[in-house]
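Below is one structure, written out as structure tokens; comments come after it.
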Amino acid sequence: MTLPGTSLEGLRALVCGASRGIGRAAAEALATAGARVTGLARGRPQGALPFPLVAADLDDRPALARVVDRLLAEGGPFHVLVNNAGGPPAGPILEAGEQDFLAAFGRHVLASHHLVRSLLPGMREAGYGRIVNVVSTSVREPIPGLGVSNTIRGAMAAWAKTVSRELPPGVTINNVLPGYTDTERLSELREALARRTGQSPEQVQAGWLAPVPEGRLGRPAELGAVVAFLASPAAAFIRGASLPVDGGRLASV
Ligand code: NAD
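The numbering of the sequence shown is the working numbering, which starts it at 84 and goes up by one.
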């Protein structure tokens, strides 16, 4: 028996929000597996990256469309798309205004939708497509204090499941649901929550880790590895799934 492989040699990948955190780790994992990776981000991080980064803002869809059209014209089709963007600001849902929901819906759902529609013809022609969305465990269990985020993650999961039923054979879409992962975003959330609740950042983190059987934060590289697996030939029969990568924190079945 020959096992389907996890090499991404000969494949081209587009990774959104690739300048830091989980997006960057995903881009690095895809490149390590052999893919030709292009990252998208609003700005440049300090230091060198092992893949080219192209400037694009997911909040500006007309400009995003122009960038993606240029990348397709210059480099040919993408076989892998990673939808990933900064999460909405933390806060109680009843303090959120209409614009907060609209902005988050645009950045996450509409940007992903646009990218899928732009890249699908090339994936269809190649007979190979892997779309991986970085979402959140809040798809299953809403997280207190992340009102807009919880709402948008649910929308993203419903969108992806629907898309999974319409994609042609050979083109899949799946969600990765990170638990608490050690990135800049998590540091910012920890500080914001500490200020709001009067706790120390260490107390906030201890509260986060209490229900995590692995007893630690996730490492961005651990999320990147799962994205690279879902992008590989080995994951061909996984479609429309939401995979928690959370050290066991989710209590639901
Ligand atoms: P992060 O804030 O560290 O990184 C987000 C990336 O997206 C950055 O590269 C940023 O520049 C980019 N980005 C933000 N807004 C953008 C825009 N408008 N256009 C283009 N790029 C944009 O976040 P992270 O911790 O790596 O998390 C990635 C995703 O996973 C987020 O949606 C986050 O909410 C979600 N998530 C993270 C955790 C965690 O613990 N870190 C847990 C659950 C879910």
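Glycine included, each C-beta is placed from N, C-alpha and C at the ideal position. None of the values given here were measured: they were computed from a predicted structure.
Assign residue i to one of two classes, buried (16 or more other C-beta atoms within 10 Å of its C-beta) or exposed (fewer than that).
| i | result |
| --- | --- |
| residue 122 | buried |
| residue 106 | buried |
| residue 285 | exposed |
| residue 161 | buried |
| residue 136 | buried |
| residue 273 | buried |
| residue 280 | exposed |
| residue 153 | exposed |
| residue 177 | exposed |
| residue 255 | buried |
| residue 147 | buried |
Can residue i and residue j be called in contact, C-beta distance under 8 Å?
| i | j | result |
| --- | --- | --- |
| residue 187 | residue 231 | yes |
| residue 144 | residue 185 | no |
| residue 300 | residue 263 | yes |
| residue 341 | residue 313 | Nothing in the structure corresponds to residue 341, since the chain is present only between 84 and 336. |
| residue 215 | residue 240 | no |
| residue 211 | residue 253 | yes |
| residue 268 | residue 170 | yes |
| residue 126 | residue 174 | no |
DSSP state of residue i, grouped into three classes?
| i | result |
| --- | --- |
| residue 325 | strand |
| residue 173 | coil |
| residue 317 | helix |
| residue 200 | helix |
| residue 235 | helix |
| residue 189 | helix |
| residue 115 | helix |
| residue 259 | strand |
| residue 346 | Because residue 346 is not part of the residues shown, which for the chain are 84 to 336, the question remains open. |
| residue 264 | strand |
| residue 159 | coil |
| residue 95 | strand |
Only counting the same chain, and skipping five residues up and downstream in sequence, which positions put a Cβ closer than 7 Å to that of residue i?
| i | result |
| --- | --- |
| residue 335 | 223, 224 |
| residue 333 | 220, 223, 224, 327 |
| residue 291 | 263 |
| residue 288 | 273 |
Tell me which same chain residues have a C-beta within less than 6 Å of the C-beta of residue i, skipping the five on either side of it?
| i | result |
| --- | --- |
| residue 129 | none |
| residue 95 | 119, 161, 162 |
| residue 294 | 332 |
Since residue i and residue j should fall inside the 8 Å C-beta cutoff, what is the C-beta to C-beta distance between them, to a whole number of angstroms?
| i | j | result |
| --- | --- | --- |
| residue 260 | residue 190 | Not a contact, Cβ separation roughly 18 Å. |
| residue 201 | residue 151 | 5 Å |
| residue 110 | residue 98 | 4 Å |
| residue 310 | residue 165 | 6 Å |
| residue 167 | residue 100 | 4 Å |
| residue 207 | residue 251 | 5 Å |
Using C-beta distances below 8 Å, list every residue in its chain close to residue i, excluding the 5 sequence neighbours before and after it, in chain order.
| i | result |
| --- | --- |
| residue 179 | 230, 231 |
| residue 266 | 103, 104, 105, 303 |
| residue 88 | 315, 316, 317 |
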